[in-house]
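Numbering (the numbering used here), first residue to last: 91 to 719.
Structure first, then comments.
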């Protein structure tokens, strides 16, 4: 077989079928090595194309010279062979040989692309999961690295730093809440009473009156303060029906108090505070206090700044401690054991003096402290006092630092106290022991294993509190006892006590304890066929919201339950009544009293079934007193 000298040669990858460069060693598409022998390009539109796939007639040997001749492009092409080759163009033998078309290997490439994307997706998913695990376990991972690769001193600094972080955050949150309440604040509190039907029946039979309404009594209080105006709203509801509401407004700037029953009388009573018993000096002092608080709040550190300030000085204290011992031990309490790391430090006079010196040195130049002192100076000047607090503060610190310098030569290495921290595998402090002059002053430990916990607290070597129970995540449920001389003097239960919230200065859970029989009047409750009486407190308290339910139980039945809830609200403008009458004017006071909508009041009482009760309890005395008033 001969190849026309004008016919262009090209090469195809035996793996993917794509065209490759004539002298290329590797396929640029799939990267596989390619054969070195070129393949003649065969134009599709010319009938001469099948020459590359020509099969000789039977009389001609198949392995004849045409296999070698492609390397001799200069050889002339005879016309007769071309005609001979043109004859079998449509022969079936030529089709299978001409099949290596570029489109044939397309399917394998798609599979490789799909496989590549699946692989990349799998790697990405693994990385995401790993990142999530690292984020949620970063504290543990960081603690592991410090413990295994750092010094005992660095591990102690990490553990105590993390422990104090929760404490400082809780304190800072409380500080921020208090600071906010001083500026613009409002609050709302509600109290409701629930009484068991057996108790209501007993009271009704003894008093010969219907007291079913007691089970749905509610009292609400709402306060609001802004711009030296304070508002108090008291409300009484029965069966969700508002019976009466009392409003009291204090305008400290003008020295006036307003009172009213807006649900029954739109007019308010007005009274000058001086006429009511206060002096002008008292009012002036109150306004001065408001001014001082407003000025102080402008420079008080924010909640975050306070947290940073506390954390800074805690880091200074912890950073002074270098001589630390560390060992793995078993912490065992009431039969429950846990593997922990015991970190021990000894504090002597030199170390204590070093800590005090570094804290005082930092405080002397602390800009936050100085800014606060400057504002206090201005506030004191307004009240008539002149003092340079900044200079006084710096002089006092210099005096202490000089005293420390003089005592440094006399300080000894004698141990003042020993602190031992017991740290779990998550690097949380689960126990501490403080020893002074080889005498144990305080020891406590909370160990957990297999969902069970045990707790003990000792003061001066004597156990004063112990408990055990189960853990569900961070929630503790168990029984505790107060001890004296090794004997139980009081027992109580906790249920669902959230330890994580407790570290943040919040409380959530239930406390339950039995009341001594003498506290319930001897055997009186027992004589009424009641089981042992206990007291239960359920609480969910944060810095801004509080919920408590106090229940008196007989067995598991609640005899009485008092629900209390409160929340901190944003202060809002206090509207001063414009149509008030003087409460010290007897005529105006009587007219105001007669304008109270008594019919509306009686309708409300009748709606909750209290009309008969009031008539039975007060009778004619109420009517005559009301008429005379």
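Just so it is clear, CB atoms sit at the ideal spot from N, CA and C, and this is done for glycine as well.
- The C-alpha of residue 332 is placed about 19 Å away from the C-alpha of residue 685.
- With a contact defined as Cβ atoms closer than 8 Å, residue 551 and residue 414 miss out at about 25 Å.
- Annotated as proximal: residue 359 and residue 682, with beta-carbon spacing under 8 Å.
- By the criterion of a C-beta distance shorter than 8 Å, residue 542 is surrounded in its chain by 426, 558, 559, 560, 561, once the five residues flanking it on both sides are discounted.
- The three-state secondary structure of residue 377, taken from DSSP, is helix.
- Checking the DSSP bridge columns, you'll see residue 109 partnered with 102.
- At the C-beta level, residue 355 and residue 687 come within 8 Å of one another.
- Across the structure, residue 337 and residue 269 are spaced so that their CA atoms are roughly 26 Å apart.
- When beta bridges are read from the DSSP output, residue 631 appears opposite 597, 636.
- Taking residue 669 as the centre and dropping the five residues before and after it, the same chain places the C-beta of 357 closer than 6 Å to its C-beta, in chain order.
- From the listed residues 563, 589, 553, the smallest Cα separation to residue 575 is found for 553.
- In this structure, the straight-line span from the alpha carbon of residue 671 to that of residue 349 is close to 10 Å.
- For residue 435, same chain residues with a beta-carbon under 6 Å away, outside a window of 5 residues either side, are 411, 414, 509 in chain order.
- Taking C-alpha positions only, residue 239 is separated from residue 401 by approximately 25 Å.
- Put simply, the backbone Cα of residue 278 is about 21 Å away from that of residue 347.
- Note that the C-beta distance between residue 439 and residue 502 is below 8 Å.
- In the DSSP annotation of this structure, the continuous segment of the alpha helix (DSSP H) that includes residue 397 starts and ends at 393-409.
- Between residue 472 and residue 371, the C-beta gap is not smaller than 8 Å, which leaves the two residues out of contact.
- Under the three-state reduction of DSSP output, residue 295 falls in the helix class.
- The C-alpha of residue 432 lies about 5 Å from the C-alpha of residue 512.
- Taking 8 Å as the cut-off, the Cβ atoms of residue 428 and residue 564 do not count as close.
- Bridge partners of residue 322 according to DSSP: 313, 338.
- Residue 655 places its beta carbon less than 8 Å from that of residue 280.
- In the three-state DSSP reduction, residue 469 falls in the helix class (H, G or I).
- Contact check for residue 662 against residue 276 passes: the beta carbons are separated by less than 8 Å.
- Residue environment analysis places residue 391 among the buried positions, since at least 16 neighbouring C-beta atoms fall within 10 angstroms of its C-beta.
- Uninterrupted beta strand (DSSP E) stretches at least 3 residues long and entirely within the segment 344-372 occur at 346-350, 358-362, given in chain order.
- The C-beta of residue 598 has 16 or more other C-beta atoms within 10 Å across all chains shown, which makes the residue buried.
- The C-beta distance from residue 532 to residue 555 rounds to 12 Å, too long to meet the 8 Å contact threshold.
- Contact check between the segment 482-493 and the segment 442-459: three or more CB pairs, one atom from each, fall below 8 Å, which counts as touching.
- Contact annotation: residue 642 and residue 664 have beta-carbon atoms that are not nearer than 8 Å.
- Look at residue 412 here: in three-state DSSP terms it is coil, with no helix or strand label.
- Residue 480 carries a helical assignment under DSSP once its states are collapsed to helix, strand and coil.
- Residue 335 and residue 265 have their C-alpha atoms spaced approximately 33 Å apart.
- Around the C-beta of residue 295, fewer than 16 other C-beta atoms lie within 10 Å, and the residue is accordingly described as exposed.
- Take the alpha-carbon of residue 322 and the one of residue 658: they are about 14 Å apart.
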